[in-house]
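Student: Using the numbering used here, read the sequence shown as starting at 9 and increasing by one per residue.
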Amino acid sequence: MAARDCIFCRVAREEPPGQIIYRDDRVFVIRDIQPQAPVHLLILPLHHMASLAYVGPGQEQMMGHIFLVAEEMARREEVTVSGYRLVVNQGFDAGQTVDHTHVHLLGGEPLLPLGNNRS
9 MAARDCIFCR
19 VAREEPPGQI
29 IYRDDRVFVI
39 RDIQPQAPVH
49 LLILPLHHMA
59 SLAYVGPGQE
69 QMMGHIFLVA
79 EEMARREEVT
89 VSGYRLVVNQ
99 GFDAGQTVDH
109 THVHLLGGEP
119 LLPLGNNRS
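#1: Counting only runs that start and end within the segment 14 to 52, where is the beta strand (DSSP E) found for 3 or more residues in a row?
#2: Output the distance between the C-alpha atoms of Pro82 and Met70, rounded to the nearest integer angstrom.
#3: Whose C-beta lies closer than 8 Å to the C-beta of Ser127 among residues of the same chain, with five residues either side of it excluded?
#4: Report yes if the C-beta distance between Ala58 and His108 is below 8 Å; otherwise report no.
#5: Under the criterion of a Cβ to heavy atom distance below 7 Å, does Val35 qualify as lining the ligand COA?
#6: Note the first and the last residue of the continuous beta strand (DSSP E) segment covering Gly115.
#7: Does the Cβ of Leu114 have 16 or more other Cβ atoms within 10 Å, making it buried, or fewer, making it exposed?
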């Protein structure tokens, strides 16, 4: 998928406007349109990166920056004391539905343990 066709790249270009709740020179943050918790944010790099497989030399700082922004957003959403979860879905089997690397921030209520999908 070309960056011009990526839904998250269009959001980064503010097409349509008004979805971005935080933006700096490297990342932006939006609310998930299908929230899985009372607080469900997505932290994304501004530049298109289809998956973690494309993280290369020189991008370590940007990836670390995503986690710093996640902590700042958790403070703003007032979930740092009660707790929150950061999730990266890498690939189809993990639930990645858009090919643009992003980190989910979930909180605002007790979350179910991870890995409970086996019978």
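Note that the Cβ used here is the ideal one computed from N, Cα and C, for glycine as well.
Tutor: Quick answer:
#1: 28 to 31 and 35 to 39
#2: If you number the sequence shown from 1, residue 82 lands on position 74. If you number the sequence shown from 1, residue 70 lands on position 62. Before going further, note that residue 82 is Ala rather than Pro in the sequence given. One C-alpha to the other measures close to 18 Å.
#3: The count along the sequence shown starts at 1 and reaches residue 127 at position 119. Here the model assigns Ser127 a pLDDT of 48, short of 50, so the residue's position is not dependable and the matter cannot be decided.
#4: For this step, residue 58 is matched to residue 50 along the sequence shown. For this step, residue 108 is matched to residue 100 along the sequence shown. Yes, they are a contact pair.
#5: Absence of the ligand COA from the depicted structure is noted, as is the absence of any ligand whatsoever, leaving it without description.
#6: The residue given as residue 115 occupies position 107 in the sequence shown. Here the beta strand (DSSP E) through Gly115 covers Val111 to Gly115.
#7: Indexing the sequence shown from 1 puts residue 114 at position 106. Burial is judged here by how many other beta carbons sit within 10 angstroms of a residue's own beta carbon; Leu114 has at least 16 and is buried.
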